[in-house]
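See structure below.
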Amino acid sequence: MRELTAETHLHRSDLIYPMFVAEGIDSPQEISSMPGQYQHTLDSLVKAVEEAANAGVLCVDLFGIPTHKDATGSQAWAEDGILNKGVARLRQEFGDDVLVMADTCLDEFTDHGHCGVVTEDGRVDNDPTVELYQKMAVSQARAGAHIVSPSGMMDGQISAIRDALDENGFEDVAIMAYSAKYASAFYGPFREAVDSSLKGDRKTYQQDPRNFRESIKEVELDIAEGADMVMVKPGLPYLDVLAAVAEMSTVPVASYQVSGEYAMIEAAAANGWIDRDRIIMESLSSIKRAGADQILTYYAVEVAKKL
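The numbering used here applies: residue 816 is where the sequence shown begins, and numbers increase by one.
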């Protein structure tokens, strides 16, 4: 009777699996703060995506971890950069059977760990950064990405990336915009996952966790600039924002159950304090109930198998 009358249902097609591919390793490296998640080699990445696809996961979101970083993050758009090599390898192996999304941001590639070009006085310079995002998005499209996902929260990044993709013949490459991305403490374990070089914070270009209306404005701007999908990040701490965005958005809305959310569940479960399986399903159902059309979650494969 509960199943018959349930208002919210998770589906495997809702799930997107964030994954990490690293340069300079010869075997998968488990991320200590995210048990069960790995920095992958190209070969282990293929095996993991095959497992995800067999479970019914339709899309993976790929982050790259280079061995060389510099002030502008030049490996981000290099054809032989680790992220583009990972994208190309997945397209070679899976064609269109798995949607390949690439993270379009410089933070993993810069030696200072910020999402863009940093001025001498330590400020992230918006417009030169957006020009580099254009180069990065086009390089990802050339490598075979079905979707690019600008996550740097620079002003005007969506329209600039859309123009660059279209001018280079990639009209069919979609954009998932990180539209409402907060300067959150819930990202902590992710910094380990990507070997982040960041010192300080990103409060000058990510949103204040105390603000709500700003998110609606940011989403409206991204939709007007051509975003095919928009995102609210993190997930559970921002369900009010997610619900409001889902109510007003004219495009699909995603939510990212981020590394800190994952790590807290795993740590509490390891201590026997919570029912792990029930918490996983309840948390994802809550995100879905709030209005998410897609959910980026490190539990994607596990949950897809249960579903």
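The beta carbon of each residue, even a glycine, is placed where N, CA and C say it ideally should be.
Backbone CA spacing between residue i and residue j [nearest angstrom]
i, j, result
"residue 1072", "residue 1056", "14 Å"
"residue 946", "residue 877", "21 Å"
"residue 927", "residue 887", "9 Å"
"residue 1117", "residue 866", "10 Å"
"residue 1091", "residue 1024", "27 Å"
"residue 851", "residue 915", "21 Å"
"residue 893", "residue 821", "48 Å"
"residue 1107", "residue 1054", "9 Å"
"residue 949", "residue 1021", "20 Å"
"residue 918", "residue 960", "10 Å"
Identity of the residues DSSP links to residue i by a beta bridge
i, result
"residue 879", "836"
"residue 1044", "991"
"residue 855", "836"
"residue 844", "854"
"residue 964", "918"
"residue 885", "925"
"residue 997", "1022"
"residue 933", "939"
"residue 1109", "1069"
Check whether residue i and residue j have beta carbons under 7 Å apart
i, j, result
"residue 1075", "residue 967", "no"
"residue 1070", "residue 1041", "no"
"residue 989", "residue 1043", "yes"
"residue 882", "residue 838", "yes"
"residue 1122", "residue 827", "yes"
"residue 845", "residue 879", "no"
"residue 861", "residue 832", "no"
"residue 868", "residue 939", "no"
"residue 921", "residue 872", "no"
"residue 1068", "residue 995", "no"
"residue 999", "residue 823", "no"
"residue 1045", "residue 1105", "no"
Local conformation of residue i per DSSP, three classes
i, result
"residue 950", "helix"
"residue 821", "coil"
"residue 1114", "coil"
"residue 1049", "coil"
"residue 850", "coil"
"residue 1054", "helix"
"residue 1004", "helix"
"residue 1021", "coil"
"residue 925", "strand"
"residue 1070", "strand"
"residue 831", "strand"
"residue 1060", "helix"
"residue 939", "strand"
"residue 913", "coil"
"residue 945", "helix"
C-beta neighbour in chain B for residue i, strict 7 Å
i, result
"residue 1114", "Of the protein chains in this structure there is only one, and it is not chain B."
>> Between the segment 1081-1094 and the segment 1052-1070, can you find at least three pairs of beta-carbon atoms closer than 8 Å?
In response: At 8 Å Cβ cutoff, the stretches do not touch.
> For the 8 Å Cβ check, are there 3 or more pairs between the segment 969-983 and the segment 897-904?
Replying inline: Taking 8 Å as the limit for Cβ pairs, the verdict is that the segment 897-904 does not touch the segment 969-983.
> Are the segment 924-937 and the segment 975-984 touching, with three or more C-beta to C-beta distances below 8 Å?
Replying inline: Counting Cβ pairs under 8 Å, fewer than three are found: no touch.
> Touch check for the segment 1022-1031 and the segment 1096-1105: three-plus C-beta pairs under 8 Å?
Replying inline: Segments in contact, no.
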